[in-house]
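Okay, so the sequence shown: first residue is 4 according to our numbering, each after it adds one. Even for Gly, the Cβ is constructed at its ideal location relative to N, Cα and C. Written out below as structure tokens is the structure these notes cover.
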Amino acid sequence: MIRIGLDARLLAYRREGIARYILELATRLPHVIDDPEVRLVIFQSRKDLNTRIAGPRVQTAYVWTPPHHRWEQRTWPLEIVFRRVSLLHSPDFIPPFTGSFRKVITIHDLHFLKYPDFMTAESRRYYAGQIEQAVRVADHIIAVSQTTRADLMAYFGLPSDRVSVVYEAASAVYRPLPPAVAREALERLGLEQGYILFVGTWEPRKNLPMLLRAYARLLDRRPEAPPLVLAGRRGWLYQEILEWPHRLHIVDRLRWIEGPDDPTLAALYNGAAFLVFPSLYEGFGLPAVEAMACGTPVIVSDRGALPEVVGDAGVILPAEDESRWTEAMEALLEDPEARERMRRKGLERAAAFSWDRAASETWEIYRRVLGR
4 MIRIGLDARL
14 LAYRREGIAR
24 YILELATRLP
34 HVIDDPEVRL
44 VIFQSRKDLN
54 TRIAGPRVQT
64 AYVWTPPHHR
74 WEQRTWPLEI
84 VFRRVSLLHS
94 PDFIPPFTGS
104 FRKVITIHDL
114 HFLKYPDFMT
124 AESRRYYAGQ
134 IEQAVRVADH
144 IIAVSQTTRA
154 DLMAYFGLPS
164 DRVSVVYEAA
174 SAVYRPLPPA
184 VAREALERLG
194 LEQGYILFVG
204 TWEPRKNLPM
214 LLRAYARLLD
224 RRPEAPPLVL
234 AGRRGWLYQE
244 ILEWPHRLHI
254 VDRLRWIEGP
264 DDPTLAALYN
274 GAAFLVFPSL
284 YEGFGLPAVE
294 AMACGTPVIV
304 SDRGALPEVV
314 GDAGVILPAE
324 DESRWTEAME
334 ALLEDPEARE
344 RMRRKGLERA
354 AAFSWDRAAS
364 ETWEIYRRVL
374 GR
């Protein structure tokens, strides 16, 4: 019997970002693993009693070691060895540095190396302080875009055969909704359709001060412009971001929606005139794909993997050119035909990304690393 472990401890703490990646893989891998001798062991936190991952050949192992804990490298390897796994996949990219089992890691981006000032000192120490050893001990590395793969090879001089690209995708909940369903959800939030939407963590890397300045310019040129809705959660160093609306005198034109669940976020995408996503760096850019999957036009920055992911389905702008962002927002608001063209192209582009395909490609990597 061969046991493949998947580190799913983050599911006890959140459902977005890397945790979403884990959940999508964990629910699909059991259905694509076609080797009768393989069992998938889902390592979950003992705090996580609500997540049930079922499927053929699945075992759940509840463990004590929390992710990102200072004793993680001492206790986590022991818990894995106890379950006798042949391979462990670490989606949060920091694997156990000891243990004779094979190690596959997923690296979502290198923002902690490219933009270290955009993180707290504690987070910087955890990620940047361990990345070199993580890369060294990994038998194979999964990158979520060609951009991230190129960054990895440039930073660490990795040979091309050690890094594979497996794209992420929008979850099934993100799709065009019947107008009445979206309208009902928006009414509960006190919103009318046609607003401008940002989705993401409120942190410096997301470039929100530039977006807020560009939106203030839009209001100067077009006072009747719709509100800007910012959906997400507070992240690293968010306090200064929250000061900008006061400086720009646009507080009453913004709506902050903190921690929306998936159905609410899907309704927010559906009700938006378009998504604005001016991030300074993304290893993939899931909000752009989620928006396109809902039929919502997107305006994104030219940084990181966003041009790769959006392709010709959206508007791509220099990340720090606020006048261009103002002009693009104004142009889309005034051109419903352009929005409709982008809606169709976005749906087609989003369909190119699939979690089922991601699970199949991940299983093929496991198989290759195990020599099966």
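Going by alpha carbons, who is nearest to Leu283 out of Ile145, Ile25, Ile319, Lys348?
-> Along the sequence shown, read from residue 1 onward, the residue named residue 283 stands at position 280. The shortest Cα separation from Leu283 among Ile145, Ile25, Ile319, Lys348 belongs to Ile319.
Any idea if Leu52 is buried or exposed, counting beta-carbon neighbours within 10 angstroms, 16 or more meaning buried?
-> Counted from its first residue, the sequence shown places residue 52 at position 49. A residue is called buried once 16 or more other Cβ atoms fall within 10 Å of its Cβ, and Leu52, having fewer, is exposed.
Is there a Cβ from chain E that is less than 7 Å from the Cβ of Thr365?
-> Of the protein chains in this structure there is only one, and it is not chain E.
Tell me where the beta strand (DSSP E) around Ser126 begins and ends.
-> Walking along the sequence shown from the start, residue 126 turns up at place 123. It is not in any beta strand (DSSP E) - Ser126 instead sits in the alpha helix (DSSP H) that spans 124 to 131.
Using a Cβ-Cβ cut-off of 6 Å (strictly less than) and excluding sequence neighbours within five positions of Ser93, which residues of its own chain qualify?
-> Mapped onto the sequence shown, residue 93 falls at position 90. By the criterion of a C-beta distance shorter than 6 Å, Ser93 is surrounded in its chain by Asp10, Ile108, once the five residues flanking it on both sides are discounted.
Which one of Tyr241, Thr267, Leu81 has the shortest CA to CA distance from Arg186?
-> Position 183 of the sequence shown holds residue 186. The option with the nearest alpha carbon to Arg186 is Thr267.
Whole-Å CB distance - Ala296 paired with Arg178, under 8 Å assumed | Here the question's residue 296 lines up with position 293 in the sequence shown. Here the question's residue 178 lines up with position 175 in the sequence shown. Indeed, because the Cβ distance is near 6 Å, the residues count as touching under 8 Å.
Per DSSP, Tyr65 is paired with what?
-> To locate residue 65, count along the sequence shown from 1; it is residue 62. Paired residue(s): Gln47.
Contact belief for Ile83 with Val41 at Cβ below 8 Å, rounded distance in angstroms = Taking the first residue of the sequence shown as position 1, residue 83 is located at position 80. Taking the first residue of the sequence shown as position 1, residue 41 is located at position 38. Not really, about 17 Å apart at Cβ, beyond 8 Å.
Buried/exposed call for Trp67, threshold 16 Cβ in 10 Å | If you number the sequence shown from 1, residue 67 lands on position 64. Exposed, because fewer than 16 other Cβ atoms sit within 10 Å of the Cβ of Trp67.
Would you kindly work out how many angstroms separate the C-alpha atoms of Gly298 and Leu350, rounded to a whole number?
-> Locating residue 298 in the sequence shown gives position 295, where the first residue counts as 1. Locating residue 350 in the sequence shown gives position 347, where the first residue counts as 1. Those two C-alpha atoms are separated by around 6 Å.
Apply the 10 Å Cβ neighbour rule to Val88 and answer buried if 16 or more other Cβ atoms are within range, or exposed otherwise.
-> Translated into positions along the sequence shown, residue 88 becomes position 85. Buried, because 16 or more other Cβ atoms sit within 10 Å of the Cβ of Val88.
Which residues mark the beginning and the end of the beta strand (DSSP E) in which Ile253 is found?
-> Residue numbering aside, residue 253 sits at position 250 when the sequence shown is read from its first letter. It is not in any beta strand (DSSP E) - Ile253 carries neither H nor E in the DSSP assignment.
Range covered by the alpha helix (DSSP H) that runs through Ile56 = Taking the sequence shown and counting its residues from 1, the one referred to as residue 56 is at position 53. In the DSSP assignment, Ile56 falls outside any alpha helix (DSSP H) and carries neither an H nor an E.
Integer Cβ distance of Ala29 from Ile7, believed to fall under 8 Å | To locate residue 29, count along the sequence shown from 1; it is residue 26. To locate residue 7, count along the sequence shown from 1; it is residue 4. Not really, about 11 Å apart at Cβ, beyond 8 Å.
Out of Arg344, Pro162, Gly193, state which residue places its alpha-carbon closest to the alpha-carbon of Ile260.
-> Within the sequence shown, residue 260 is the residue found at index 257, counting from 1. Cα-wise, what sits closest to Ile260 is Gly193.
Using DSSP bridges, identify the partner residues of Asp10.
-> By 1-based counting over the sequence shown, the position of residue 10 is 7. Asp10 is bridged to Phe46.
Could you tell me the boundaries of the beta strand (DSSP E) in which Glu227 lies?
-> In the sequence shown, counting from the first residue as 1, residue 227 sits at position 224. Neither: Glu227 is in no beta strand (DSSP E) and is coded neither H nor E.
By Cβ distance below 7 Å, which residues in the same chain neighbour Val372 in space, the five residues on each side in sequence not counted?
-> Position 369 of the sequence shown holds residue 372. If we look at Val372 and ignore the five residues flanking it on each side, its Cβ neighbours are Leu90, Arg105, Val107, Asp142, His143.
Nearest neighbour of His252, chosen from Leu221, Phe85, Ala183 [CA to CA] | Taking the sequence shown and counting its residues from 1, one reaches residue 252 at position 249. Nearest option by C-alpha distance: Leu221.
Looking at the structure shown, is Ser326 part of a helix, part of a strand, or coil, going by DSSP?
-> The residue you call residue 326 lines up with position 323 of the sequence shown. Annotated three-state conformation of Ser326 is helix, per DSSP.
Roughly how far, in whole angstroms, is the beta-carbon of Pro248 from the beta-carbon of Val254, given that I think they are within contact range, below 8 Å?
-> Along the sequence shown, one-based indexing puts residue 248 at 245. Along the sequence shown, one-based indexing puts residue 254 at 251. The Cβ separation is near 5 Å, so the contact holds.
Contact set for Asp305: own chain, Cβ-Cβ below 8 Å, skip 5 residues either direction | Within the sequence shown, residue 305 is the residue found at index 302, counting from 1. Excluding positions up to five away in sequence, the list reads Ile319, Leu320, Pro321, Ala322.
Is Asp338 near the ligand FAD, with its Cβ less than 6 Å from a heavy atom?
-> Questions concerning the ligand FAD fall outside what the structure shown contains, since it holds no ligand whatsoever.
Any idea if Asp37 is buried or exposed, counting beta-carbon neighbours within 10 angstroms, 16 or more meaning buried?
-> As a working note, residue 37 is residue 34 in the sequence shown. Burial call: exposed.
To the nearest angstrom, how far is it from the Cα of Ile110 to the Cα of Ala146?
-> On the sequence shown, position 107 is the one that residue 110 refers to. On the sequence shown, position 143 is the one that residue 146 refers to. C-alpha separation (whole angstroms): 5 Å.
Considering only the beta carbon of each residue, do Gly307 and Glu285 sit closer than 7 Å?
-> As a working note, residue 307 is residue 304 in the sequence shown. As a working note, residue 285 is residue 282 in the sequence shown. Contact: yes.
Status (buried if at least 16 other CB within 10 Å, exposed otherwise) for Thr123 = Sequence index remark: in the sequence shown, residue 123 carries index 120 (1-based). The residue is exposed, with fewer than 16 neighbouring Cβ atoms inside 10 Å.
Who are the Cβ neighbours of Ser174 in its own chain at under 8 Å, not counting the five residues just before and after it?
-> Counting from 1 along the sequence shown, the entry for residue 174 is found at position 171. So the list reads Arg23, Glu27, Asp265, Glu293, Trp358, once near-sequence residues are dropped.
Identify every residue that forms a DSSP beta bridge with Phe261.
-> Numbered from its first residue, the sequence shown carries residue 261 at position 258. The question names Phe, yet the displayed sequence has Glu at residue 261. Paired residue(s): Gly235.
Would you kindly report the start and end of the unbroken alpha helix (DSSP H) that includes Val313?
-> As a working note, residue 313 is residue 310 in the sequence shown. Following the DSSP letters along the chain, one finds Val313 inside the alpha helix (DSSP H) bounded by residues 309 to 313.
Residue from Phe356, Lys117, Ala217, Arg347 whose Cα sits closest to the Cα of Val279 = In the sequence shown, counting from the first residue as 1, residue 279 sits at position 276. It is Ala217.
Opening and closing residue of the alpha helix (DSSP H) in which Lys117 lies | Here residue 117 corresponds to residue number 114 of the sequence shown, with the count starting at 1. Here the alpha helix (DSSP H) through Lys117 covers 114 to 117.
In this structure, what does DSSP give as the bridge partners for Lys106?
-> Walking along the sequence shown from the start, residue 106 turns up at place 103. Leu91.
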